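2 protein chains.
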Amino acid sequence: MTEEVQRARRLPRAVRERQILDAAVQVFSRYGYHTASMDEISEVAGVSKPMIYTYLGSKEDLFAKCIRREATRLLEAIQDGVKPELPPDMQLWHGLRSFYRFVADFRESWTVLHRQALTVGGEFAAEITAMRTRAIELVAALVVNAGARKGLAEQAEFSGEGLSAALVGAAESLADWALDHPDVSDGVLASWLMNLVWLGFNDLVEGDVWKPTA
Amino acid sequence: MTEEVQRARRLPRAVRERQILDAAVQVFSRYGYHTASMDEISEVAGVSKPMIYTYLGSKEDLFAKCIRREATRLLEAIQDGVKPELPPDMQLWHGLRSFYRFVADFRESWTVLHRQALTVGGEFAAEITAMRTRAIELVAALVVNAGARKGLAEQAEFSGEGLSAALVGAAESLADWALDHPDVSDGVLASWLMNLVWLGFNDLVEGDVWKPTA
DNA sequence: CGCGTAGGCTACGCGCCAGTAGGTTACGCG
DNA sequence: CGCGTAACCTACTGGCGCGTAGCCTACGCG
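Heads up: the protein sequence lines correspond to chains A and B, in order.
Residue numbers are given in the UniProt record's numbering: position 117 of the first sequence equals residue 117, and the series is strictly consecutive.
Residue numbers are given in the UniProt record's numbering: position 182 of the second sequence equals residue 182, and the series is strictly consecutive.
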């Protein structure tokens, strides 16, 4: 009689929770919130369904916990990369590099944050938006700060918040593009954005404004 | 005996289809594909549910038809605005203005295209991506064309496709921002982007590349 | 004035899936 | 060695919502 291979058994709660969250991120990122089924998550996690409910609560709870964990990871990855003592452009550059490195390393995390999070209407779609807003405000602080140094104030051609929204959007969109082009390094991606944005911004600061021609 | 107010009756098929599509866009944009219910759409349309199925098919069919109608509207709005005989920067500027005007005028159309369309995995998420890719390639053509004039070729600092992806993302993101700031005109929004992108791009063309400092 | 057809509805079936009831086995500790 | 408790499962239910069967009614046309 061959002894049965033991299916990993009697693990402490903390370990199981991590397994479940990992599986959930994977399945949510692949199928989206609504299409993903708790049965499949439990299967991928190698755990039965009631475990999920006793440990992590309802489907919505589970999703929220995924989002929060991945968001925290992302923000920490960026903050670890940026060096506050450097000039604004280098801060931005390092932040962007860390961001693209994270996206490349944790595709599923990024997908679940960027693509799937908005699809669950209501309560914590707001939470995601809040996180995104924080990112925008952070960038805005950089930009406005750099602008203020040169005496760029409330002109019609300038809105720190608006420009930051555009910049963040550009970064996100480029991240999606990069998922299909894994050969492009994070340094190159960050450089593209810097060339686009920082140079243009510098011109603005110098008063070199683009105007429509007749 | 007061005569009953007649509930709009016996309308021709084409009219009903429009009513249904209008209602569907509204409901889908508010709740998203999965959360939206056919019952609510029928209610908003002022029509019973079987009508939707006989006229427009399944829920997925209905959503696809919404997407296609709104996408066509958007692309036409942009193409009507742009004048091909103008120089590249002015073409881009007019295209952007038309885009922001559209978003302001048809918020629901934009929402359903941008936010909700990606949430339905599979078949025609691809369709949306295709449309977006077309937009990116269009912009890329503009950019590459303008770059080629100045002899900017395959440098590490340059990728028409990548930059275009970033630009489109910036435009979309700014559109979302603008939804919360209705007082900002389409001309101003377009100018911001031109200042960011075109000036930076011009610098690139001139060989003025941003490089990280030690 | 009858009959075909296009416009329209109420009311139901049925599958899928989030969530649960209730029971079983291993481990820790006195 | 027995008792509490924490880990873990199988097997069910209940509801929500897509899609439809079947029926009614106004209008046009000979």
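Glycine residues also receive a C-beta, built at the ideal position from the N, C-alpha and C atoms.
Remember, predicted model here, so these are calculated numbers, not experimental data.
Quick check: the Cα distance between residue i and residue j, rounded to an integer number of angstroms?
i      : j      : result
A/L56  : A/I67  : 13 angstroms
B/S58  : B/H34  : 13 angstroms
B/Q6   : B/I41  : Model confidence at B/Q6 stands at a pLDDT of 46, short of 50, so the residue's coordinates are unreliable; what they give is reported in the following sentence. Between B/Q6 and B/I41, the C-alpha separation is close to 21 angstroms.
B/A104 : B/S185 : 9 angstroms
A/T2   : A/R10  : In this prediction, A/T2 has a pLDDT of 34, which is less than 50 and means its spatial position is unreliable; nothing more can be read from the coordinates.
A/S29  : A/T213 : 46 angstroms
A/L74  : A/R132 : 11 angstroms
B/P87  : A/G147 : 30 angstroms
B/A141 : A/E137 : 33 angstroms
A/R13  : A/W192 : 45 angstroms
A/V83  : A/M90  : Looking at the sequence itself, residue 83 of chain A is Lys, so the reference to Val does not match. Their Cα atoms are separated by approximately 8 angstroms.
B/P50  : A/S48  : 40 angstroms
A/A126 : B/G207 : 43 angstroms
B/L113 : A/V15  : 40 angstroms
A/L71  : A/G81  : For the sequence presented, residue 71 of chain A should be read as Ala rather than Leu. Each residue's alpha carbon lies about 16 angstroms from the other.
A/D61  : B/V205 : 50 angstroms
B/Q19  : B/I52  : 10 angstroms
B/D180 : B/F106 : 14 angstroms
A/E85  : B/E123 : 49 angstroms
A/K65  : B/Y31  : 22 angstroms
To which residues of the same chain is residue i closer than 8 angstroms at the C-beta, ignoring the five residues directly before and after it?
i     : result
A/E4  : For A/E4, the predicted structure reports a pLDDT of 40, less than 50, and the residue's modelled location is therefore unreliable. The matter cannot be settled from this model.
B/E17 : Y55, L56
Exposed or buried, residue i, counting other C-beta atoms within 10 Å across all chains shown (16 or more means buried)?
i                      : result
B/D203                 : buried
residue 218 of chain B : Outside the shown range of chain B (1 to 214) lies residue 218 of chain B, about which nothing can therefore be said.
A/D39                  : exposed
B/T54                  : exposed
A/N145                 : exposed
B/A130                 : exposed
Between which residues of its own chain and residue i is the CB-CB distance below 7 angstroms, once the five residues before and five after are set aside?
i      : result
B/V44  : A23, Q26, V27
A/R69  : L21
B/V139 : S164, L167, V168
B/Y100 : A175, A178, D186, L189, A190
B/F63  : F28, Y33, V120
A/A135 : V168
B/E108 : V25, Q26, S29
A/A36  : V27, F28
A/D183 : none
Given a cut-off of 7 angstroms, decide if residue j and residue i are closer than it, judged by their beta-carbon atoms.
i      : j      : result
B/W110 : A/L199 : no
B/I78  : B/S98  : yes
A/G160 : A/V143 : yes
By Cβ distance, which residues of its chain are closer than 6 angstroms to residue i, with the 5 residues on each side in sequence left out?
i      : result
B/G46  : none
B/F102 : L74, A77
B/V197 : L167
B/F201 : none
Meets three-Cβ-pair contact criterion under 8 angstroms: the stretch 91-98 of chain B and the stretch 106-119 of chain B
Short answer: they don't touch.
So, do the stretch 163-179 of chain A and the stretch 168-188 of chain B have three or more beta carbon pairs nearer to each other than 8 angstroms?
A contact exists between the stretch 163-179 of chain A and the stretch 168-188 of chain B.
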